[in-house]
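Peer 1: Numbering (the numbering used here), first residue to last: 1016 to 1505. Don't be surprised by glycine CBs; every beta carbon is placed ideally from N, CA and C. Since we're looking at a predicted model, the values are computed, not measured.
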RNA sequence: CGGGGUGUAGCGUAGCCCGGUCAUCGCGUCUGCUUUGGGAGCAGAAGGUCGCAAGUUCGAAUCUUGCCACCCCGACCA
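Okay, structure coming up:
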């Protein structure tokens, strides 16, 4: 393990890449654009999955699994959906290899060409709606509330570990409803679930809003999103929830008989978050020493490092620590007692900082005498000596404080990097500094495109929580009802 | 996919321009002793098809071509 991480301030993207690798979250694979999620990184993902999955269940959803391969013909049924994804689909054309008659390993067997080529799912709307056609006949079959945890493939031009990989892990919810209203409510409800998860678990404040037509999911009538700000001031779309209208129902002929006996197309939604959240987690909180993890998602919440010479001292420390371990575990805290005598305390301190462990407890002979321990916080990098009496309650309480503090830090950072801008000159200056710009926009795609061409900024969302405020478009001077959020984005 | 860069031991690197005991150094690893409250010290040791594949040459880490991966900048995107 080499020490030292690039500085955030000097090269943000290098810092990010190195941190992901050095903290053992993930590494690049032999296949372009794909990643190997390592055990430490995967255990964070598992915690995310657990929390989200519980929330999906609480809102009435069930998990299911649909296939990785999609018949090519399915994709072409919904016109704008095809257009959105066609450019980045991996295609299966053959089903067999054979030994190369010229030596040199194996080659694709030209005899084994598929009659209908298969697509590796970039998302599953098409397979799922072709199935829903069979599952839905009556209003009694609705609503249908399904989620799946899966991998998907989008053949990206330029990839970045966790943020944009060719293959990624995600969950995709797909629901069918008997009315527009109910589907719209579902779309909004799941956005709220995502926002709650981001803020309460990841400690990442997010802005809820609606996407513009340009940024909308291909095949959706409306896309809602949560947008987060990273420490370099760029925006990251952390989750999306789509109101599909009757687009897929019509494309796949999914109808139900309502109470009056007439046949209607069903209304759909879909919503997803992905391993991209891992990238958001890293970029939202971490520093030049390594990861800073919110306690609720940290695989190890408390690490206890004994400082000792020889087995005898370690035994004395263990005797003191063992009941505390038990107590902490009974309170649901994941704690590691690092008795390893191969590496020295200083090395361990640095290592656990790199890995973002929220709390570190050090205990040595001095502490045994005074009945204390040294507690160090990862988020503030502060240390204090604390009495060992009631230490487990103290630590549990401290974990809550850390969770709250890193949320607040991220919230304050966003607040101090969000600006109202009222002129094009101001816009151009501010956008170079990073952050969110609240500006008026005339509502047209043309203007949005022009602003993007000139500044690389896009409209992240039309936020829900801004007040109506008549004004004029920052670019064209045409009238506008309220401000929208512009930013450069990942 | 276009432009630029990089690829040498597990990690980070020197050498490449000017082919020829040059495979360098640091970290890590192994062995031993001493150490242990912020990435330990000393002594010894192991570890490399120089990204892969062709080619030029008496001889290639070094020159040529192709391929692969990664990084930066564009176009595209969760």
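Considering only their Cβ atoms, is the gap separating residue 1076 from residue 1160 smaller than 8 Å?
Peer 2: It is a contact, given that the beta carbons lie within the stated cut-off.
Peer 1: With which residues is residue 1240 paired in a DSSP beta bridge?
Peer 2: In the DSSP output, where bridge partners are listed per residue, residue 1240 has 1224, 1255.
Peer 1: Residue 1443 to residue 1470, Cα distance in whole Å?
Peer 2: Rounded to whole angstroms, residue 1443 to residue 1470 spans 7 Å at the Cα level.
Peer 1: Out of 1492, 1477, 1414, which has the shortest C-alpha to C-alpha gap to residue 1242?
Peer 2: For residue 1242, the nearest C-alpha among the options comes from 1477.
Peer 1: Bridge partners of residue 1455, per DSSP?
Peer 2: Answer by DSSP bridge pairing, in chain order: 1498.
Peer 1: If you follow the alpha helix (DSSP H) that residue 1324 is part of, which residue opens it and which one closes it?
Peer 2: Segment: none, residue 1324 is in no alpha helix (DSSP H) and carries neither H nor E.
Peer 1: Under a three-way DSSP split, which group does residue 1113 fall into?
Peer 2: Strand at residue 1113.
Peer 1: Measuring CA to CA, which of 1334, 1459, 1496 is closest to residue 1227?
Peer 2: Out of 1334, 1459, 1496, 1459 has the C-alpha closest to the C-alpha of residue 1227.
Peer 1: Give a yes or no on whether the C-beta atoms belonging to residue 1142 and residue 1082 are separated by under 8 Å.
Peer 2: Their beta carbons are under 8 Å apart, which means residue 1142 touches residue 1082 by this criterion.
Peer 1: Do three or more CB pairs link the segment 1325-1337 to the segment 1285-1295 at distances below 8 Å?
Peer 2: In short, these stretches do not touch, since the Cβ pair count stays below three.
Peer 1: Over what stretch of residues does the beta strand (DSSP E) that includes residue 1413 continue unbroken?
Peer 2: Here residue 1413 belongs to no beta strand (DSSP E); instead the alpha helix (DSSP H) covers 1406-1431.
Peer 1: Ignore the nearest five residues each way along the sequence and tell me which others in residue 1024's own chain have a CB closer than 6 Å to its CB.
Peer 2: Excluding residues within five positions, none has a Cβ falling inside 6 Å.
Peer 1: Under 8 Å, do residue 1410 and residue 1374 count as touching if we go by C-beta distance?
Peer 2: Yes, Cβ-Cβ distance for residue 1410 and residue 1374 is below 8 Å.
Peer 1: Would you report the Cα separation of residue 1052 and residue 1041, rounded to the nearest angstrom?
Peer 2: Taking the straight line joining both Cα atoms gives about 4 Å.
Peer 1: Within the continuous alpha helix (DSSP H) that includes residue 1436, where are the two ends?
Peer 2: No alpha helix (DSSP H) holds residue 1436; DSSP gives it neither H nor E.
Peer 1: Thinking just about the alpha-carbon of each residue, which of 1126, 1232, 1183 is nearest to the one in residue 1093?
Peer 2: Comparing Cα-Cα distances from residue 1093 to each of 1126, 1232, 1183, the minimum goes to 1232.
Peer 1: Return the first residue and the last residue of the alpha helix (DSSP H) that residue 1012 is part of.
Peer 2: The question about residue 1012 has no answer, for the chain in this structure spans 1016 to 1505.
Peer 1: Judging by CA-CA distance, which residue of 1099, 1190, 1218, 1089 is the nearest neighbour of residue 1063?
Peer 2: Closest option to residue 1063, Cα to Cα, is 1218.
Peer 1: Would residue 1049 and residue 1138 be called neighbours here (beta carbons separated by less than 8 Å)?
Peer 2: It is not a contact, given that the beta carbons lie outside the stated cut-off.
Peer 1: Under a three-way DSSP split, which group does residue 1064 fall into?
Peer 2: Helix.
Peer 1: What would DSSP say about residue 1135, mapped onto helix, strand or coil?
Peer 2: Three-state DSSP puts residue 1135 in a strand.
Peer 1: Cα-Cα, which of 1390, 1206, 1485 is closest to residue 966?
Peer 2: Outside the displayed span of the chain (1016 to 1505) sits residue 966, for which this structure offers no information.
Peer 1: Which class does residue 1050 belong to by DSSP, given the choice of helix, strand or coil?
Peer 2: Three-state result, residue 1050: strand.
Peer 1: Consult DSSP for residue 1465 and reduce its assignment to one of helix, strand or coil.
Peer 2: Helix, per DSSP.
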